[in-house]
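Chemist:
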Amino acid sequence: MNYFPIQYHEPLFRPPSEGRSIIIQVTLGCSWNKCSFCEMYTSKQFKARKEEDIFEDIEALLPYADQVRKIFLADGDPLVLSTNKLLSILNKLTNSFPRIQRISAYASPTNLLNKTESELIQLKNAGLNLLYIGLESGDDTVLDFINKGADHKQMIEALNKSQNAGLNSSVMIINGVGGKQYSKQHAINSAKLINAIQPKYLSTLVLHPYKGMDYLKSRIDVDFEELNQIELIEETKLFIENLELNETIYRSDHASNHLILKGVIPRDKEKFLQQINSILS
Ligand code: SF4
2 MNYFPIQYHE PLFRPPSEGR SIIIQVTLGC SWNKCSFCEM YTSKQFKARK EEDIFEDIEA
62 LLPYADQVRK IFLADGDPLV LSTNKLLSIL NKLTNSFPRI QRISAYASPT NLLNKTESEL
122 IQLKNAGLNL LYIGLESGDD TVLDFINKGA DHKQMIEALN KSQNAGLNSS VMIINGVGGK
182 QYSKQHAINS AKLINAIQPK YLSTLVLHPY KGMDYLKSRI DVDFEELNQI ELIEETKLFI
242 ENLELNETIY RSDHASNHLI LKGVIPRDKE KFLQQINSIL S
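Mapping to the working numbering: the sequence shown position 259 is 260, numbers consecutive.
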């Protein structure tokens with residue numbers, strides 16, 4: 002019988018690495034919902050779910066409590082909730098699932114800026130371990146026209162704060178999001194951003210507008226010419242060349258990627274560049 006005890010509010014998204022996690026929706030949609038390339042939650046009105054409804058979902062899973070190891074909090078930006086509400090949810094989760102190893106969530110740089118380091122430490126101590134943060138670009142021109150809501154400097158402040166609090170980061174950069182015009186500065190400034198924050202995990206996705214490129218172009222205020230496959234790979238090469246990392250796990254294995262790279266930077270940086278050069282030649 003195909004029975005799952007929780008009824009989700011669709012659409013529901015999770016990072017690829019949360020494929021074996023239990024998903025608990027603590028908010029519906031994204032409180033920002035304005036990034037021009039993102040259609041994930043445009044069909045949903047943002048809402049913070051009531052604590053009693055969230056607890057009901059958690060209690061529905063109690064018969065399986067011994068099997069629960071990883072939990073992903075959805076939807077788009079659970080850290081918009083007050084710290085007190087998040088602490089109450091995290092306490093309920095850790096008390097309900099004694100074998101839990103990881104609790105993770107999406108977070109936006111703006112959510113992190115709005116919390117103090119001491120609030121983030123409280124969340125970490127209550128069981129939150131990992132945040133997935135879509136940085137998209139490190140270039141201020143690109144961040145402005147995609148309407149990300151935070152600039153390069155604010156992103157460094159947000160990520161350093163959460164990492165100082167002990168929260169691990171898995172950050173995402175979008176290959177091709179600057180179009181042809183801003184490709185080089187997008188690659189170089191994104192690498193500078195990543196170097197400044199030294200995340201535990203880094204992934205690159207390829208720009209893939211769900212409603213098509215024409216719709217995306219209608220939502221941004223610059224002439225946007227999309228990159229072809231070779232140009233996307235050249236942009237990735239420039240990005241990787243400029244990375245100076247101590248130890249970051251890097252993946253470009255999302256469904257949108259044509260070029261699959263997986264490894265640790267710096268250890269595998271030269272190998273990645275050789276792979277890219279051989280494709281380009
Ligand atoms: S913050 Fe994230 S989920 Fe919200 S609109 Fe931007 S990319 Fe989409």
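Glycine is no exception: its CB is placed at the ideal position from the N, C-alpha and C atoms.
Predicted model, so just to flag it, every value in this text is computed and none were measured.
On the CB-based measure, 16 or more other CB atoms within 10 Å of its CB, does ASN176 come out buried or exposed?
Modeler: The residue is buried, with at least 16 neighbouring Cβ atoms inside 10 Å.
Chemist: Under 8 Å: do the region 99 to 106 and the region 143 to 153 share three or more Cβ pairs, one atom per stretch?
Modeler: Taking 8 Å as the limit for Cβ pairs, the verdict is that the region 143 to 153 does not touch the region 99 to 106.
Chemist: Does the beta carbon of GLY213 fall short of 7 Å from some heavy atom of the ligand SF4?
Modeler: No; taking the cut-off as 7 Å, the Cβ of GLY213 has no heavy atom of the ligand SF4 nearer than that.
Chemist: Any heavy atom of the ligand SF4 closer than 7 Å to the beta-carbon of MET41?
Modeler: Result yes, Cβ under 7 Å from the ligand SF4.
Chemist: Taking the Cβ atom as the reference point for each residue, do LEU129 and ASN196 lie within a distance shorter than 8 Å?
Modeler: For LEU129 and ASN196, no; Cβs fall outside 8 Å.
Chemist: So which of GLY180, VAL265, LYS263, TYR42 has the shortest CA-CA distance to ALA75?
Modeler: Nearest option by C-alpha distance: TYR42.
Chemist: Let me check understanding here. Comparing Cα to Cα, which of LYS93, PRO64, ARG268, ALA108 lies closest to VAL81?
Modeler: With distances taken between Cα atoms, VAL81 lies closest to ALA108.
Chemist: Work out the CA separation of PRO16 and ASP67 for me, nearest whole Å.
Modeler: Each residue's alpha carbon lies about 23 Å from the other.
Chemist: What does LEU129 pair with, by DSSP beta-bridge criteria?
Modeler: According to DSSP, which records beta bridges pairwise, LEU129 is partnered with ILE104.
Chemist: Can you give the Cα-Cα distance for TYR211 and GLU40, rounded to whole angstroms?
Modeler: Cα-Cα distance, rounded: 7 Å.
Chemist: For the ligand SF4, any of its heavy atoms closer than 7 Å to the Cβ of ASP1?
Modeler: Residue 1 lies beyond the residue range present for the chain, which begins at 2 and ends at 282; the question has no answer from this structure.
Chemist: If you draw a straight line from the C-alpha of GLU137 to the C-alpha of LYS193, how long is it?
Modeler: Cα to Cα, the separation comes out at about 13 Å.
Chemist: Assuming the contact rule is C-beta atoms closer than 8 Å, GLU120 and THR84 should be a hit. Round their C-beta distance to whole Å, please.
Modeler: GLU120 to THR84, Cβ: 4 Å. Contact.
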